[in-house]
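So the protein sequences, as listed, match chains A, B and C. Be aware that the first sequence starts at 3, since it is given in the numbering used here, and climbs by one per residue. Be aware that the second sequence starts at 2, since it is given in the numbering used here, and climbs by one per residue. Be aware that the third sequence starts at 12, since it is given in the numbering used here, and climbs by one per residue. Ideal Cβ placement from N, Cα and C applies to all residues, glycine included.
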Amino acid sequence: MSFQDFLNHILSREGVRRLLDAHSSKKYTVKPRRFRNFPTIDLEKCVVCGACADACPVGPSDGKPPALEMTDKGPVLHEDRCIRCGLCAEVCPVSAIQVGTLHEEREEVVKPPKPAEIAVDPDLCIGCGRCERVCPSDAIHVIDGTAEVDRESCVLCEACIDACPVAGAIKLLPMDVEELRRCWTKIVDTKRREVGSR
Amino acid sequence: MVCCLLKKLKGLIRSRSIHVSVVNTGGCNGCDIEILACFTYRYDLEQYGIYYHNNPRKTDVLIVTGPVTEQWKDKLPKLYDKVPEPKAVVAVGSCACSGGIFNQDGGRVGGGAAEFIPVDAEVPGCPPRPDEIVKAVVEVLPTFFRRWEFERGGGDGR
Amino acid sequence: MADKAPRGVTVIDLDTGEEKPISHHVPVGPHHPILKEPLRIKLAIRGEEVVDCKVEMGYCHRGIEKIMEGMPWQKAAFLAERVCGICSHAHNMCFIGAVESVSEGEPARRGLFLRYIVQELDRIQSHLIANAAYFYSIEHETMFVWNMNTRERVLDCIEKITGNRILTGWNVVGGVRLDVDEDTLNEVIEVLEEKVVPDVETYRKIASNDPFIKMRSRGVGVITEDMIRRYRVVGPQARASGVAQDIRTIEPVYPEVGFRPITRDHGDNLDRILVRYDEVLQSVELIERMVEELPRGDHRVEMKVEGGHVVNRTEAPRGELVYDMEISRGGVVKKATIRTPSVPNIRVLEAIAPGAPSVADAVAAYASLDPCVACNERFIVIDRDKDEIVFSGKAREVLRACRSKTS
Chain A
3 MSFQDFLNHI LSREGVRRLL DAHSSKKYTV KPRRFRNFPT IDLEKCVVCG
53 ACADACPVGP SDGKPPALEM TDKGPVLHED RCIRCGLCAE VCPVSAIQVG
103 TLHEEREEVV KPPKPAEIAV DPDLCIGCGR CERVCPSDAI HVIDGTAEVD
153 RESCVLCEAC IDACPVAGAI KLLPMDVEEL RRCWTKIVDT KRREVGSR
Chain B
2 MVCCLLKKLK GLIRSRSIHV SVVNTGGCNG CDIEILACFT YRYDLEQYGI
52 YYHNNPRKTD VLIVTGPVTE QWKDKLPKLY DKVPEPKAVV AVGSCACSGG
102 IFNQDGGRVG GGAAEFIPVD AEVPGCPPRP DEIVKAVVEV LPTFFRRWEF
152 ERGGGDGR
Chain C
12 MADKAPRGVT VIDLDTGEEK PISHHVPVGP HHPILKEPLR IKLAIRGEEV
62 VDCKVEMGYC HRGIEKIMEG MPWQKAAFLA ERVCGICSHA HNMCFIGAVE
112 SVSEGEPARR GLFLRYIVQE LDRIQSHLIA NAAYFYSIEH ETMFVWNMNT
162 RERVLDCIEK ITGNRILTGW NVVGGVRLDV DEDTLNEVIE VLEEKVVPDV
212 ETYRKIASND PFIKMRSRGV GVITEDMIRR YRVVGPQARA SGVAQDIRTI
262 EPVYPEVGFR PITRDHGDNL DRILVRYDEV LQSVELIERM VEELPRGDHR
312 VEMKVEGGHV VNRTEAPRGE LVYDMEISRG GVVKKATIRT PSVPNIRVLE
362 AIAPGAPSVA DAVAAYASLD PCVACNERFI VIDRDKDEIV FSGKAREVLR
412 ACRSKTS
């Protein structure tokens with residue numbers, strides 16, 4: 003840096019501001035992509051399974067809660083207890099907890115079972131293609147004059163049911179409650195076994 | 002009017018020169034090292050007028066790291082009493098905030114520094130990055146000392 | 012008359028009328044400008060000369076071994092890491108290695124290489140901070156700041172690979188947590204070759220040639236082979252005295268990349284500093300060779316923990332680290348005993364400090380031993396009836412207290 007540059011810096015607006023105000027902190031370094039910050043919890047996605055609270059290595063003691071406390075509405079993070087280990091993000095079955103890139107880079111993300119499915123009656127379907135046009139997730143397609151649903155990408159928004167001109171051609175079939183419960187228990191059990199809960 | 006101006010002047014001067022002492026009350030060293038890194042080239046806390054030396058009798062700010070272990074439970078309040086007024090305490094790291102991972106079944110530690118001495122600011126994280134420490138210290142401490150005369154100071158302004 | 016004059020302060024015994032020299036006691040710590048960690052050193056001095064030294068520990072006792080009991084390995088790995096913040100990766104690796112040795116199958120090869128790459132980076136930053144602390148204790152602030160600055164670059168590399176600067180949480184049973192791509196490793200090697208190696212070579216040249224550093228360090232705090240045997244000194248402190256003792260020779264991966272321990276002869280403060288610089292340069296070479304031979308494949312494999320009793324040893328930056336654990340089937344820790352290298356390394360101060368010409372030299376000798384107090388505090392005796400501490404820190408007195416309570 004030459005003397006000219008130095009003078010220019012001091013006389014610039016930024017330089018004058020820094021001279022007068024010494025107490026505002028600058029941004030020093032860029033945090034790396036993998037930096038494990040405090041977990042962010044998405045309560046919308048949370049299924050209240052409790053796996054994260056079981057996985058947390060910071061247990062409760064007299065007077066102090068554990069770092070991740072389970073309540074009826076979902077996990078609550080106590081930042082003053084958290085050690086930023088990221089185990090909660092690794093065990094979460096639905097990626098509702100995000101820490102660094104752990105939730106992206108782990109091997110397999112368990113897809114939650116869907117509580118219902120969209121069924122098309124092939125006898126009633128006229129193959130007009132309106133459902134294909136309104137579908138937000140591109141999950142329904144007309145193939146050979148009959149609409150077919152891709153269960154993986156369907157989000158159960160029921161837009162196709164509203165759009166269908168034939169009443170009863172597209173139906174929402176809710177899943178059996180017992181079946182759903184069994185699915186969920188299986189997922190949560192595998193996750194808990196992975197993290198070795200007490 | 003004059004008294005108010007005097008107080009403001011005192012606060013301004015105090016906020017520009019802050020002396021810091023770091024106390025490790027039995028932590029794992031991680032936070033101490035990150036605080037030490039704050040005083041080297043890259044983060045350079047001294048550019049904000051914050052100086053580091055370890056004598057509690059000369060300092061304004063006590064930085065506490067680590068959970069308070071059995072042996073420190075009586076020594077930490079003694080150390081706090083030696084710091085002259087005006088003084089502030091910053092708890093750095095989740096151990097100093099709440100006992101951290103050691104404060105659970107089987108551990109022989111107290112639950113954070115706040116149980117033994119009044120704590121003014123907390124920086125959670127295990128360990129917090131130097132960025133976070135610098136940000137917390139630079140945002141909290143100068144304001145604290147600028148306002149001290151008005152909020153906590155003695156009646157005669159001394 | 013002059014040669015009989017006592018050095019230091021004298022006191023007259025009222026009964027016999029004799030004049031006796033007494034020694035002053037200088038307590039250092041637990042909170043003291045030279046100490047980064049709580050520890051109490053009691054120095055007895057006569058005049059300027061140090062005649063006796065006692066080390067008291069116990070200020071860092073947190074009860075880690077007790078908390079670890081009944082924890083699954085996934086959680087206990089994070090606790091083992093928090094034994095010490097500077098050599099955290101070595102603790103984590105030793106713990107995970109112990110669990111792996113009682114498991115079925117072999118850990119992933121790629122995972123092992125990535126694990127040891129981070130371990131060598133950790134060793135570089137630990138050695139640099141140890142040398143920085145030594146230069147701070149002999150008030151050579153320039154070298155202190157330079158060393159810390161080079162350490163920042165190494166920390167950047169660790170951060171790029173693992174995500175955190177220290178306390179990385181990098182190892183899991185069967186490999187490492189995340190995979191690392193080739194670009195990141197090449198960037199790390201570039202930083203090491205272009206920034207760290209020239210810097211460290213300069214520091215080594217300065218440390219071995221600078222007259223002021225030589226005056227303070229050469230011939231001060233000499234550890235002889237006899238002391239090494241008596242106090243069981245390990246790590247760079249032993250290697251500086253010519254004892255080629257290194258656990259890395261029997262660890263996996265290292266023999267494949269051609270590792271050979273480095274030794275020096277004098278065993279004084281200066282040689283301990285220089286051995287650390289040598290090892291930093293050697294670590295850079297090891298990392299380069301490991302990256303060259305990095306196998307492809309999975310970074311992590313599933314391993315089933317069988318359980319059993321296991322003793323695992325690792326070369327931490329400060330020396331030999333031992334985890335003696337009992338693990339149940341499924342990976343729950345039943346009992347853990349940790350032996351850290353700093354215990355004998357700090358104890359040897361009681362042998363080398365007496366005879367030091369001044370208190371400042373004793374302090375410099377202490378700093379050159381690379382003390383890590385947080386590692387040390389493993390035992391405490393508590394009277395359960397009164398709920399008070401009987402003793403903490405000294406093995407002999409702890410034994411005596413235990414016997415008096417149980418017999």
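Per-residue contacts from Tyr81 of chain B into chain C (C-beta, under 7 Å)
Residue 81 of chain B sits at position 80 when you count from the first residue of the second sequence. Within 7 Å Cβ-Cβ: nothing; Tyr81 of chain B doesn't reach chain C, min ~11 Å.
Give every residue of the same chain whose Cβ lies closer than 7 Å to the Cβ of Ser379 of chain C, excluding the five residues on either side of it in the sequence, and list them in chain order.
By one-based count along the third sequence, residue 379 of chain C stands at place 368. Listed in chain order, the non-local C-beta contacts of Ser379 of chain C below 7 Å within the same chain comprise Tyr145, Gly232, Asn280, Arg283, Ile284, local neighbours out to five positions each way being set aside.
For a contact defined as C-beta to C-beta under 9 Å, what are the partners of Ala91 of chain C on chain B?
Position 80 of the third sequence, counted from the first residue, corresponds to residue 91 of chain C. Within chain B, no residue comes near Ala91 of chain C; the closest Cβ sits about 11 Å away, beyond 9 Å.
For a test of the three-state rule: what should DSSP assign to Val291 of chain C, helix, strand or coil?
Looking up residue 291 of chain C in the third sequence gives position 280. For Val291 of chain C, the secondary structure class from DSSP, reduced to helix, strand or coil, is helix.
Examine chain A for any beta-carbon lying closer than 9 Å to the beta-carbon of Asn175 of chain C, and answer yes or no.
The residue labelled residue 175 of chain C in the question sits at position 164 within the third sequence. Chain A contact via Cβ: present.
Mind pulling the chain C residues with CB within less than 8 Å of Val110 of chain B?
To locate residue 110 of chain B, count along the second sequence from 1; it is residue 109. Within chain C, the residues near Val110 of chain B are Arg73, Gly74.
Bounding residues of the alpha helix (DSSP H) (the contiguous stretch that carries Asp164 of chain A)
On the first sequence, residue 164 of chain A is found 162 positions in, with the first residue counted as 1. Annotation for Asp164 of chain A: the continuous alpha helix (DSSP H) segment containing it runs 161 to 165.
Does chain A have any CB closer than 9 Å to the CB of Met314 of chain C?
Taking the third sequence and counting its residues from 1, the one referred to as residue 314 of chain C is at position 303. Taking Cβ atoms only, chain A never reaches closer than 9 Å to Met314 of chain C, which makes this a no.
Ignore the nearest five residues each way along the sequence and tell me which others in Asp44 of chain A's own chain have a CB closer than 6 Å to its CB.
Locating residue 44 of chain A in the first sequence gives position 42, where the first residue counts as 1. Cβ neighbours of Asp44 of chain A beyond the five flanking positions: Ala98.
Coarse secondary structure for Arg135 of chain A, derived from DSSP in three states
Taking the first sequence and counting its residues from 1, the one referred to as residue 135 of chain A is at position 133. It is helical.
Find the residues of chain B that neighbour Lys77 of chain C, judging by a C-beta separation of less than 9 Å, and give them in chain order.
By 1-based counting over the third sequence, the position of residue 77 of chain C is 66. Within chain B, the residues near Lys77 of chain C are Asp106, Gly107, Gly108, Arg109.
I'd like the span of the alpha helix (DSSP H) that includes Thr238 of chain C, first residue to last.
Working through the third sequence from its first residue, we reach residue 238 of chain C at position 227. Per the sequence shown, residue 238 of chain C should be read as Met rather than Thr. Unbroken alpha helix (DSSP H) run through Met238 of chain C: 236 to 242.
Less than 7 Å between C-beta atoms, sequence neighbours within five positions excluded: which residues of the same chain meet that for Gly31 of chain B?
For the purposes of this step, residue 31 of chain B is taken as residue 30 along the second sequence, with counting starting at 1. For Gly31 of chain B, where only same-chain residues beyond five positions count, the Cβ hits under 7 Å are Pro128.
From the DSSP output, in three-state form, read off Gly168 of chain C for me.
Taking the third sequence and counting its residues from 1, one reaches residue 168 of chain C at position 157. The question names Gly, but residue 168 of chain C is Cys in the sequence shown. Helix, per DSSP.
Which residues of chain A have a Cβ atom closer than 8 Å to the Cβ of Leu420 of chain C, listed in chain order?
Residue 420 of chain C is absent from the structure shown; chain C starts at 12 and stops at 418.
Determine which residues of the region 35 to 54 of chain C have a Cβ less than 9 Å from any Cβ of chain B, and write them out in chain order.
Under the 9 Å Cβ criterion, the region 35 to 54 of chain C contributes Pro41, His42, His43, Pro44, Ile45, Leu46, Lys47, Glu48, Pro49.
Quick one: is Ala13 of chain C near chain B, going by C-beta distance under 9 Å?
As a working mapping, residue 13 of chain C is identified with position 2 in the third sequence. Note that Ala13 of chain C has pLDDT 38, beneath the 50 cutoff, so the model's placement of it is unreliable and no number is given.
Determine the DSSP secondary structure at Glu46 of chain A, reduced to helix, strand or coil.
On the first sequence, residue 46 of chain A is found 44 positions in, with the first residue counted as 1. If DSSP states are grouped into helix, strand and coil, Glu46 of chain A belongs with coil.
Rounded Cβ spacing between Glu92 of chain C and Leu178 of chain C (contact assumed at less than 8 Å):
As a position in the third sequence, residue 92 of chain C is number 81, starting the count at 1. As a position in the third sequence, residue 178 of chain C is number 167, starting the count at 1. Confirmed, Cβ separation roughly 6 Å.
What's the gap between the Cα of Gly94 of chain B and the Cα of Glu154 of chain A?
Here residue 94 of chain B corresponds to residue number 93 of the second sequence, with the count starting at 1. Here residue 154 of chain A corresponds to residue number 152 of the first sequence, with the count starting at 1. Here the alpha carbon of Gly94 of chain B sits roughly 44 Å from the alpha carbon of Glu154 of chain A.
Apart from the five residues on each side of it in sequence, which residues of its chain come closer than 6 Å, Cβ to Cβ, to Asn387 of chain C?
Taking the first residue of the third sequence as position 1, residue 387 of chain C is located at position 376. Met68, Ser353, Val354.
Can you find a C-beta in chain C that's less than 9 Å from the C-beta of Pro57 of chain B?
For the purposes of this step, residue 57 of chain B is identified with residue 56 of the second sequence, where counting begins at 1. So, interface residue.
Using a Cβ-Cβ cutoff of less than 7 Å, which residues in the same chain neighbour Arg329 of chain C once the five nearest sequence positions on both sides are dropped?
By 1-based counting over the third sequence, the position of residue 329 of chain C is 318. Contacts found: Cys98, Gly246, Pro352, Ser353, Asn356, Asp381, Cys383.
Identify the residues that DSSP records as bridge partners of Asn323 of chain C: which are they?
Within the third sequence, the letter at position 312 stands for residue 323 of chain C. Paired residues: C:Tyr334.
Which ranges does the alpha helix (DSSP H) cover as unbroken runs of at least 4 residues, wholly within the region 49 to 121 of chain C, from first to last along the chain?
Segments of the alpha helix (DSSP H) lying fully in the region 49 to 121 of chain C: 75 to 79, 84 to 92, 99 to 112.
Which residue comes first and which comes last in the alpha helix (DSSP H) that contains His11 of chain A?
As a working note, residue 11 of chain A is residue 9 in the first sequence. In this chain, the alpha helix (DSSP H) harbouring His11 of chain A covers 5 to 13.
Looking only at its own chain, which residues have a Cβ that is under 8 Å from the Cβ of Leu77 of chain B, when we skip the five neighbours before and after it?
Taking the first residue of the second sequence as position 1, residue 77 of chain B is located at position 76. These residues qualify, in order along the chain: Val24, Thr26, Val65, Val69, Ala114, Phe117, Ile118.
Whose C-alpha, out of B:Lys74, B:Asp121, B:Arg15, B:Leu80, is nearest the C-alpha of Val110 of chain B?
Here residue 110 of chain B refers to the residue found at position 109 of the second sequence. For Val110 of chain B, the nearest C-alpha among the options comes from B:Lys74.
How is His105 of chain A classed by DSSP in three states: helix, strand or coil?
Stepping through the first sequence from its first residue, residue 105 of chain A is reached at position 103. His105 of chain A sits in a helix when the DSSP states are folded into three classes.
Measure from the alpha carbon of Asp133 of chain C to the alpha carbon of each residue in C:Glu152, C:Thr325, C:Leu166, then state which is nearest.
As a position in the third sequence, residue 133 of chain C is number 122, starting the count at 1. When each option's Cα is compared against that of Asp133 of chain C, the closest is C:Leu166.
Assuming the contact rule is C-beta atoms closer than 8 Å, Met72 of chain A and Pro117 of chain A should be a hit. Round their C-beta distance to whole Å, please.
For this step, residue 72 of chain A is matched to residue 70 along the first sequence. For this step, residue 117 of chain A is matched to residue 115 along the first sequence. Approximately 22 Å separates the beta-carbon atoms of Met72 of chain A and Pro117 of chain A; this is outside 8 Å, ruling out the contact.
Return the chain-ordered list of same chain residues with a C-beta closer than 7 Å to the C-beta of Val21 of chain B, the five sequence neighbours on each side being excluded.
By 1-based counting over the second sequence, the position of residue 21 of chain B is 20. Cβ neighbours of Val21 of chain B beyond the five flanking positions: Ile51, Tyr52, Tyr53, Thr60, Val62, Ile64.
Report buried or exposed for Val111 of chain A, applying the criterion of at least 16 other Cβ atoms within 10 angstroms of its Cβ.
Here residue 111 of chain A corresponds to residue number 109 of the first sequence, with the count starting at 1. Low per-residue confidence applies at Val111 of chain A: pLDDT is 49, beneath 50, and the placement is therefore not dependable, though the value from the model is reported in the following sentence. Val111 of chain A is exposed by the Cβ-count criterion.
Identify, in the order they occur along the chain, each residue of the same chain with its Cβ nearer than 7 Å to the Cβ of Asp140 of chain A, setting aside the five sequence neighbours on each side.
Counting from one through the first sequence, the residue named residue 140 of chain A turns up at place 138. Ser155.
Cutting at 7 Å between CB atoms, please list the residues of its own chain near Val229 of chain A, excluding the five before and the five after it.
The structure shown does not extend to residue 229 of chain A, since chain A spans only 3 to 200, so no value can be given for it.
DSSP beta-bridge partners of Leu70 of chain A
Along the first sequence, one-based indexing puts residue 70 of chain A at 68. For Leu70 of chain A, which the question treats as bridged, DSSP gives the partners A:Leu79.
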